[in-house]
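As structure tokens, the structure follows; a few thoughts come after it.
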Amino acid sequence: MRLCGIRVFAAVLLAGLVSIGPVDAVEAQIELRGSTPEDGAALDGPVRTVRVWFDKSPEVAKSTLTISGPGNRAKIEGLHTMGENDLMGRVTGPMPNGEWTMTWAAVAADGDERTGTVTFTVQRNR
Ligand SMILES: [Cu+2]
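Taken in order, the sequence shown gives residues 1 to 126; the numbers are from full-length UniProt numbering.
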């Protein structure tokens with residue numbers, strides 16, 4: 001599918017994330033393990049796809065991924081999973097320079113639920 005062009009990159013990223021460390025057994029809630037864009041990223045242009053990874057599989061129908069920033073006209077559409085404990089979507093609409101916040105709310109099959117944010121900046125070079 002067209003959305004999956006970053007799949008190879010994502011697999012490499014995910015392989016790197018696996019080495020982060022053991023899961024805290026006390027923490028049962030679904031946890032964020034990574035994202036594209038990464039939290040704190042400084043981008044030189046708008047993103048067309050976004051993706052977040054967790055320690056377990058999120059239920060797409062119960063989970064959400066939204067984006068907000070200057071003008072608030074960009075939207076995340078077509079939320080789906082690539083079957084790698086992830087949520088993925090495409091970004092439509094204009095994404096002006098500035099600070100953007102991606103807000104995720106994930107519900108796991110066992111009912112675990114958590115929300116969080118990833119922030120990044122867009123600053124075109126010309
Ligand atoms: Cu995809």
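By construction, the Cβ of each residue, glycine as well, lies at the ideal position given by its N, Cα and C atoms.
Practice prompt. Rank Val-118, Ala-108, Met-102 and Pro-94 by C-alpha distance to the C-alpha of Ser-63 and give the top, closest one.
Written response: Counting from one through the sequence shown, the residue named residue 63 turns up at place 63. Residue Ala-108 is the option with its Cα nearest to Ser-63.
Worksheet item: Under a three-way DSSP split, which group does Lys-75 fall into?
Response: Locating residue 75 in the sequence shown gives position 75, counting from the first residue. It is a strand residue.
Worksheet item: Does at least one heavy atom of ligand 3 sit under 8 Å from the Cβ of Met-82?
Response: Here the bound small molecules are ligand 1; ligand 3 is not part of this structure.
Discussion item. Can you list, in chain order, the residues of its chain with a C-beta nearer than 6 Å to that of Glu-113? Leave out the 5 residues immediately preceding and following it.
Written reply: Indexing the sequence shown from 1 puts residue 113 at position 113. Once the five neighbours on either side are set aside, the close Cβ partners of Glu-113 are Val-107.
Item to complete: With DSSP as the reference, label Val-50 as helix, strand or coil.
Response: Here residue 50 is taken as the residue at index 50 of the sequence shown, counted from 1. Strand at Val-50.
Worksheet item: Taking C-alpha atoms, which residue in Pro-58, Gln-29, Gly-34 and Val-47 lies nearest to Gly-69?
Response: Along the sequence shown, one-based indexing puts residue 69 at 69. Of the listed residues, the one whose Cα sits closest to Gly-69 is Val-47.
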